[in-house]
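Here the sequence shown stands for residues 527 to 629, where the numbers follow our numbering. Please read the structure below before turning to the comments.
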Amino acid sequence: MTPLLPIARRTDPAGSHFAAAATMDSRWQKSECAEILRVLEATGEAMSYREIWRAVRGRIPEAVEVMRRLNDLRASGLVTASGSKVRRCNVSGRPVQVWEVAA
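Listed below in structure tokens is the structure:
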């Protein structure tokens, strides 16, 4: 897997950089990213973060964690947010941005 980019800003305090480095090296985070990629590759469809969460429920505890990992994957160039493919989410019923594996 492509290395994940740091999540702390240059202007953040040293403690934030330490926490960000610890998070980025986390096997847990990497396994969540791998799980999300597996779901997107298996379906072959663009999905909202809530749809992905529903597919991995039990393996990723909260929907917000899916969004965080999608941002990590986007920064790594592994997924793309399809802004032009906004559609209704099958979970929330609201118009949403969808995500897909990068080409």
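Beta carbons: idealized from backbone N, C-alpha and C, even for Gly.
Query                                                                                                                                                              : Result
Under 8 Å, with one C-beta from each stretch per pair, do the segment 610-619 and the segment 558-571 reach the 3-pair mark?                                       : no
Buried or exposed, going by whether 16 or more other CB atoms sit within 10 Å of the CB of residue 583?                                                            : exposed
Suppose contacts are defined by Cβ-Cβ distances below 8 Å. Is residue 574 in contact with residue 622 by that definition?                                          : yes
Quick check on this structure: which residue in 536, 587 and 571 has the alpha carbon closest to the alpha carbon of residue 554?                                  : 587
What span of residues does the alpha helix (DSSP H) with residue 592 cover, start to end?                                                                          : 589-601
Near residue 593, which residues of its chain fall below 8 Å by C-beta distance, leaving aside the five closest residues on each side in sequence?                 : 575
Leaving out five residues on either side along the sequence, give the residues of the same chain with a beta carbon under 6 Å from the beta carbon of residue 630. : Missing from the structure shown is residue 630; the chain here goes from 527 to 629 and no further.
Going along the chain, which residues of its own chain have a beta-carbon closer than 7 Å to the beta-carbon of residue 624, five neighbours each way excluded?    : 572, 573, 574, 608, 611 and 613
Can you tell which of 581, 561, 629 and 590 has its C-alpha closest to the C-alpha of residue 603?                                                                 : 629
For residue 557, which of 589, 601, 627 and 585 has the nearest alpha-carbon?                                                                                      : 585
What residue range does the beta strand (DSSP E) around residue 626 cover?                                                                                         : 621-627
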